[in-house]
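Okay, structure first, notes after.
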Amino acid sequence: MLKVIIGIDEDRHAQVLAEALEEAFRSGIAPTVSVEPPIVQVLAEGLILPQEALFCPLTLKLPSGLDFPAKAVYQACQAVEDLRQVVRGWGYEVGEGRYWLPIVRTAKGPLYAEAIALTPEGTYVQPFDLADRDRQPLYHLSHRLLERLRATPGVYLVQFDLTPQEIVFDRLLPFPDFPALASIGVQSPDLWVCHWSCLLGQPLHDLTIVPQLPETV
Numbered sequence: 032m033l034k035v036i037i038g039i040d041e042d043r044h045a046q047v048l049a050e051a052l053e054e055a056f057r058s059g060i061a062p063t064v065s066v067e068p069p070i071v072q073v074l075a076e077g078l079i080l081p082q083e084a085l086f087c088p089l090t091l092k093l094p095s096g097l098d099f100p101a102k103a104v105y106q107a108c109q110a111v112e113d114l115r116q117v118v119r120g121w122g123y124e125v126g127e128g129r130y131w132l133p134i135v136r137t138a139k140g141p142l143y144a145e146a147i148a149l150t151p152e153g154t155y156v157q158p159f160d161l162a163d164r165d166r167q168p169l170y171h172l173s174h175r176l177l178e179r180l181r182a183t184p185g186v187y188l189v190q191f192d193l194t195p196q197e198i199v200f201d202r203l204l205p206f207p208d209f210p211a212l213a214s215i216g217v218q219s220p221d222l223w224v225c226h227w228s229c230l231l232g233q234p235l236h237d238l239t240i241v242p243q244l245p246e247t248v
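Going by the numbering used here, the sequence shown opens with residue 32, and the numbers climb by one from there.
This is the structure we're talking about:
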């Protein structure tokens, strides 16, 4: 059976991401595939991956000698200032962002999920309603980025901000980071299940927002 390794760094919050990905595997993926349950591995220099293992890193802090199919994409995303310079050359402003556009990069092309916002209270919410004048340029920028990096299948988060005049690009994350937690119970399938589906080559046709029951007093 295929071995699956979830790679995390030593940050004390990293386990939260690993647990979300493990739960997505158990509830949304395990019944449909023949692979071993994921192993969570804290990454360190000298780590050697088993042959034929599926490696799923949830961090940009990778050991220098580690080799896997998406390595070049992760390295490009880690070089935040270099990527900002590329996007600035395309005519966009760059700076700090408080919104995220999730892109589910399937083998057949991208699916764009509803945007995620950071609230003043420090929580993440989905969906954040994008105006049409922002949505299409943001899709165009995201597609151009993924094509330039020859992005492998998976979930990507484009971090950005908005001004009355334009989109401000911040960075690209090549995995479902903390903002993606907002999709659990809100989007079907959520971004964590989507990430597994992309990595394992399972078909994805649509992303929907789950109707929420009104709160009772």
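The C-beta atom is built at its ideal place from N, Cα and C for all residues, glycine as well.
> Should Trp121 go down as buried or exposed, given a rule of 16 or more other Cβ atoms within 10 Å for buried?
Replying inline: Trp121 comes out exposed.
> Between Lys34, Glu41, Ala45 and Ile37, which lies nearest to Leu212 when the distance is taken from Cα to Cα?
Replying inline: Among Lys34, Glu41, Ala45 and Ile37, the Cα nearest to that of Leu212 is on Ala45.
> In chain order, which beta strand (DSSP E) runs of at least 3 residues are fully inside the segment 33 to 114?
Replying inline: For the segment 33 to 114, whole beta strand (DSSP E) runs of length 3 or above, ordered along the chain, are 35 to 39, 70 to 73 and 85 to 88.
> How is the alpha helix (DSSP H) around Val224 delimited, first residue to last?
Replying inline: Leu222 to Leu230 is the span of the alpha helix (DSSP H), which, as asked, contains Val224.
>> Tell me the residue span of the beta strand (DSSP E) that contains Pro168.
In response: It is not in any beta strand (DSSP E) - Pro168 instead sits in the alpha helix (DSSP H) that spans Asp163 to Leu180.
>> Tell me the rounded alpha-carbon separation between Ala146 and Leu80.
In response: Their backbone Cα atoms lie some 34 Å apart in a straight line.
>> Distance check for Gly140 and Asp165, CA to CA, integer angstroms please.
In response: Taking the straight line from one Cα to the other gives about 21 Å.
> Do you know how far the Cα of Gly128 is from the Cα of Pro220?
Replying inline: Pro220 and Gly128: Cα-Cα distance of roughly 25 Å.
> Bridge partners of Ala148, per DSSP?
Replying inline: BP columns for Ala148 point to Tyr130 and Val156.
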